[in-house]
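Reviewing the structure listed below.
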Amino acid sequence: MEQQLKELQTEALAKVESAEDLKQLNDIRVAYLGKKGPITEVLKGMGKLSPEERPKMGALANEVRAAVSSAIETKQAELEQKAIEEQLAKETVDVTLPGRQVEMGNAHPLTKVIEEIEDLFIAMGYSIAEGPEVETDYYNFEALNLPKGHPARDMQDSFYITEELLLRTHTSPVQARTMEKYKGQGPVKIICPGKVYRRDNDDATHSHQFTQIEGLVVDENISMSDLKGTLEVFAKKLFGEDREIRLRPSFFPFTEPSVEVDVSCMCKGEGCRICKHTGWIEVLGAGMVHPNVLEMAGFDSKKYTGFAFGMGPDRIAMLKYGIDDIRHFYTDDVRFLRQFAEHE
Ligand code: PHE
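Next comes the structure, spelled out in structure tokens:
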């Protein structure tokens, strides 16, 4: 029996020594030290031994167990250390590799023009107002002196969501919304940039979604000359000091009188493709706020007057950067967009 136990010890230690991973080692532990293992098996034969030999064999069996289990522990520590080292080796960072290139974005040309126009008006004491793109029929039309069935509604083909809700066709509803907030108390001096929508067929100069910047000034003694002076400053700052503006009579239901505003072309009247040989480029619609619009929004039209204007940054950006197709703004071609990067 002594022989058997010693052999078992040698065999177990050899297996422990050759274990390659923690799983194999655990299998060896279960096989040799478990209740059904060979050591227990050998000890079952104790009954045949003499009473003097039994304690000796018991002690020997314990020694064998202790030797095997301590060998397993040592091996386990060794294998665990090896696993950690292998993982570390796998995860080392090669600091000599080149860094990952960080792609820099740049502002969209429309954003740039809108921000430039915003800065210009902020410098003249205006603040920025906003309104929803999904608008009610009331603010988009009725509050702007365009009652239901008014023929001028056809000037702006609309995307209706329900009878009473639509995608705003212009930023003018923000005029009405802003005036309501001021509760009949001037002065009001705001611009409102935002997206607008019209049921147009897209082509080089039309888009079903585009941008507008609305302007509104309401105070006592505001006159047409204030409008003209403001727009003159705007045109010179944006297009160049040598530019001039021209007002032509027009019609908008929410302004009276109404004008269409042209800026002189950079060809200085010589005639070019951009101004279609007229020397002038139309850039915005404007006028004196209609008394009905003031009254509906809670302003006393005997005390207050105002002017409003609406311009299209898309068109302005096209003129400024020489862009020949409005669809470039909305088709997200990075080759187009990258041309407006200021870095690189
Ligand atoms: N809302 C008008 C349009 O979209 C523009 C405009 C704004 C005209 C303000 C006059 C005053 O065509």
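Under my numbering, the residues of the sequence shown are numbered 488 to 831, in order.
Quick reminder that beta carbons are idealized off the backbone N, C-alpha and C, glycines included.
- request: Return the CA-CA distance between methionine 775 and glutamate 590, expressed in angstroms with no decimal places.
  value: 48 Å
query: Quick one: Cα of aspartate 820 to Cα of glutamine 511, how far?
result: 59 Å
Host beta strand (DSSP E) of leucine 771 (start-end): 767 to 776
- prompt: Could you give the distance in angstroms between the alpha-carbon of lysine 635 and the alpha-carbon of lysine 755?
  reply: 44 Å
query: When burial is assigned at 16 or more other CB atoms within 10 Å of the CB, is glutamate 831 buried or exposed?
result: Low confidence applies to glutamate 831: its pLDDT is 48, below 50, so where it sits in the model is not reliable, and the reading given next is rough at best. Exposed, because fewer than 16 other Cβ atoms sit within 10 Å of the Cβ of glutamate 831.
message: To the nearest angstrom, how far is the alpha carbon of proline 538 from that of glycine 545?
response: 11 Å
task: Could you say which of Val517, Val551, Asp514, Asn513 lies nearest to leucine 530 if we only look at CA atoms?
output: Val551
field: Backbone CA spacing between glycine 681 and glycine 671 [nearest angstrom]
entry: 25 Å
field: Backbone CA spacing between threonine 658 and glycine 758 [nearest angstrom]
entry: 32 Å
beta-carbon glutamate 701 near the ligand PHE non-hydrogen atom, thresh 8 Å: yes
field: Rounded separation between tyrosine 626 and lysine 668 - CA only
entry: 13 Å
- prompt: At a cut-off of 8 Å, is glutamine 662 close to the ligand PHE when judged by its beta-carbon and the heavy atoms of the ligand?
  reply: yes
query: Under the DSSP definition of a beta bridge, which residues are partnered with cysteine 845?
result: Residue 845 lies beyond the range of the chain shown here (488 to 831); nothing can be said about it.
query: Hey, would you say the C-beta of threonine 742 is under 8 Å away from at least one heavy atom of the ligand PHE?
result: yes
- request: Over the uninterrupted alpha helix (DSSP H) stretch that includes methionine 666, give me the two end residues.
  value: 660 to 669
message: Quick check on glutamate 831: does DSSP put it in helix, strand or coil?
response: Note that glutamate 831 scores 48 on pLDDT, short of 50, meaning its location in the model is unreliable and no value can be drawn from it.
- request: Please list, in chain order, all residues of the same chain as phenylalanine 726 whose beta carbon is under 7 Å from its beta carbon, the five residues on each side excluded.
  value: Val750
Selected residue, minimal CA-CA separation from tyrosine 519, among Leu652, Ser557, Leu734, Met783: Ser557
task: Starting from alanine 501, follow its DSSP beta bridges and name the residues at the other end.
output: Beta-bridge pairing links alanine 501 to no other residue.
task: Would you kindly work out how many angstroms separate the C-alpha atoms of aspartate 644 and arginine 825, rounded to a whole number?
output: 33 Å
- request: For tyrosine 647, name the three-state secondary structure that DSSP assigns.
  value: strand
- prompt: Roughly how far, in whole angstroms, is the beta-carbon of isoleucine 803 from the beta-carbon of valine 770, given that I think they are within contact range, below 8 Å?
  reply: 6 Å
query: What is the DSSP secondary structure of methionine 798, counted as helix, strand or coil?
result: strand
- request: Report the residue from Phe646, Pro674, Ile601, Lys724 whose alpha carbon sits nearest the alpha carbon of lysine 790.
  value: Pro674
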